[in-house]
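Peer 1:
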Amino acid sequence: IAGITQAPTSQILAAGRRMTLRCTQDMRHNAMYWYRQDLGLGLRLIHYSNTAGTTGKGEVPDGYSVSRANTDDFPLTLASAVPSQTSVYFCASSPTGALNEQFFGPGTRLTVL
Amino acid sequence: AQSVAQPEDQVNVAEGNPLTVKCTYSVSGNPYLFWYVQYPNRGLQFLLKYITGDNLVKGSYGFEAEFNKSQTSFHLKKPSALVSDSALYFCAVRGSQTGANNLFFGTGTRLTVIP
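If you're matching them up, the sequences are chains Z and D in order.
The letter at position 105 of the first sequence is residue 105 when you use my numbering, and the numbering goes up by one with no holes.
Remember, my numbering sits 1000 above the position in the second sequence when you count from 1.
1) Can you give me, in chain order, the residues of the stretch 1044–1056 of chain D that have a beta carbon less than 8 Å from any beta carbon in chain Z?
2) Just reading off the beta strand (DSSP E) that D:VAL1013 is part of, what are its end residues?
3) Does DSSP put Z:GLN85 in a helix, in a strand, or in coil?
4) If I measure Cβ to Cβ from D:ALA1087 and keep anything under 7 Å in the same chain, skipping five residues before and after, which residues do I get?
5) Quick check: is the beta carbon of D:LEU1076 nearer than 8 Å to any beta carbon in chain Z?
6) Can you find at least 3 beta carbon pairs, one from the stretch 1003–1017 of chain D and one from the stretch 92–112 of chain Z, that sit closer than 8 Å?
7) Using only alpha-carbon positions, find the residue among Z:GLN11, Z:LEU39, Z:GLY63 and Z:SER67 that is nearest to Z:THR51.
8) DSSP state of D:ASN1083, grouped into three classes?
9) In terms of DSSP beta bridges, what is D:LYS1069 paired with?
10) Taking only the alpha-carbon atoms, compute the straight-line gap between D:ASN1017 and D:PRO1115 and give it to the nearest angstrom.
11) Check D:GLY1062 in the structure and name its three-state DSSP category.
12) Looking at Z:ALA92: is its Cβ nearer than 8 Å to the Cβ of Z:MET19?
13) In its own chain, which residues sit with a C-beta less than 6 Å from the C-beta of Z:VAL60, not counting the 5 before and 5 after it?
14) Taking the C-alpha atoms as reference points, what is the distance between D:PRO1031 and Z:ALA69?
15) Taking CB distances under 8 Å as the criterion, tell me whether Z:PHE90 reaches chain D.
16) For a contact meaning CB atoms closer than 8 Å, what does D:PHE1063 contact in chain Z?
17) Tell me D:PHE1034's beta-bridge partners as DSSP assigns them.
18) Which first and last residues belong to the beta strand (DSSP E) in which Z:ASP38 is found?
19) Check for me: the beta strand (DSSP E) holding Z:ARG18 runs from which residue to which?
20) The beta strand (DSSP E) with Z:LEU76 in it runs from where to where?
21) State the CB to CB distance for the pair D:GLU1134 and D:THR1109, rounded to an integer number of angstroms; the pair is presumed to be in contact (CB under 8 Å).
Below, the structure written as structure tokens:
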């Protein structure tokens, strides 16, 4: 079934540890995004990539990094996790163009203690 | 700068009654507006979008939204609510940051349809 997969589904992480959230899509979309969802704040963009080999910073990029080595994969790395990064993380993708809707993965629930 | 506001955290409606979930926006330039729905423990699903043209936009699952430029609103509507419509609804506007085709989301409105 075409779509976006994210791993892990959930994770409890000690503060200071490094963590990579995985995201893979099989729709051959050029653009991919990472959002975090926090109660009362909606979804906020962390990083984005318009095409393989390029990335950009979103609204809340500090403490996170991304890479886009190929079209399908867009991992998000927390180099040294902090409790404020406790959140639900969603990966999304869309065809090229600002007017296209985005397709979302099922999310990763991350708890940093 | 761009933003959307969803003034109601919670909307309750009886099954079979019409429903409205409110959204207002602020954006420089042309507004590109979206509605998404999120069911428990799931990612967001696209419902509909307004880009240009007819102010009444029809989308998935019988939902529609009315774009009102003078009121800067994009309210989501459905003529007859179903219990299965109970979910979290997000309004979003396309960002104006150069190079980023991301969406700016509202804080969400939880819709509960009462049987």
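Backbone N, C-alpha and C fix where the C-beta goes; we use that ideal spot for every residue, glycine too.
Note that the structure is a prediction, hence the values are computed from the model and not measured.
Peer 2: The relevant details are as follows:
1) LEU1044, GLN1045, PHE1046, LYS1049 and ILE1051
2) Against the second sequence, residue 1013 of chain D aligns to sequence position 13. Counting along the chain, the beta strand (DSSP E) containing D:VAL1013 begins and ends at 1010–1014.
3) The count along the first sequence starts at 1 and reaches residue 85 of chain Z at position 85. Z:GLN85 falls in the helix class under three-state DSSP.
4) Working through the second sequence from its first residue, we reach residue 1087 of chain D at position 87. Setting aside the 5 residues that flank it on each side, D:ALA1087 is surrounded in the same chain by VAL1037, GLN1038, TYR1039 and LEU1111, each with a C-beta closer than 7 Å to its C-beta; the list follows chain order.
5) For the purposes of this step, residue 1076 of chain D is taken as the residue at position 76 of the second sequence. It does not; no Cβ of chain Z falls within 8 Å.
6) no
7) Within the first sequence, the letter at position 51 stands for residue 51 of chain Z. It is Z:SER67.
8) Numbered from 1 along the second sequence, position 83 holds the residue referred to as residue 1083 of chain D. The question names Asn, but residue 1083 of chain D is Val in the sequence shown. Of the three classes helix, strand and coil, the one that applies to D:VAL1083 here is helix, per DSSP.
9) Position 69 of the second sequence, counted from the start, is the residue given in the question as residue 1069 of chain D. According to DSSP, D:LYS1069 bridges with nothing at all.
10) Position 17 of the second sequence holds residue 1017 of chain D. Position 115 of the second sequence holds residue 1115 of chain D. Answer to the nearest angstrom: the Cα atoms are 11 Å apart.
11) The residue given as residue 1062 of chain D occupies position 62 in the second sequence. Here D:GLY1062 sits in helix by DSSP.
12) Residue mapping note: residue 92 of chain Z aligns to position 92 of the first sequence, counting from 1. Residue mapping note: residue 19 of chain Z aligns to position 19 of the first sequence, counting from 1. At a Cβ-Cβ threshold of 8 Å, Z:ALA92 and Z:MET19 do not count as neighbours.
13) As a first step, residue 60 of chain Z must be located in the first sequence, where it is residue number 60. If we look at Z:VAL60 and ignore the five residues flanking it on each side, its Cβ neighbours are ARG44 and ILE46.
14) Mapped onto the second sequence, residue 1031 of chain D falls at position 31. Mapped onto the first sequence, residue 69 of chain Z falls at position 69. When rounded, the distance between both Cα atoms is 32 Å.
15) Reading the first sequence from its first residue, position 90 is the one you call residue 90 of chain Z. For Z:PHE90, the answer is yes, since a Cβ of chain D falls inside 8 Å of its Cβ.
16) Against the second sequence, residue 1063 of chain D aligns to sequence position 63. Result: empty, since nearest Cβ-Cβ is about 14 Å, beyond 8 Å.
17) Mapped onto the second sequence, residue 1034 of chain D falls at position 34. Per DSSP, D:LYS1049 and D:ALA1092.
18) For this step, residue 38 of chain Z is matched to residue 38 along the first sequence. Here the beta strand (DSSP E) through Z:ASP38 covers 31–38.
19) For the purposes of this step, residue 18 of chain Z is taken as residue 18 along the first sequence, with counting starting at 1. Premise fails: Z:ARG18 is in no beta strand (DSSP E) and is neither H nor E.
20) Against the first sequence, residue 76 of chain Z aligns to sequence position 76. Residues 76–78.
21) Given a span of 1001 to 1115 for chain D in the structure shown, any question on residue 1134 of chain D remains unanswerable.
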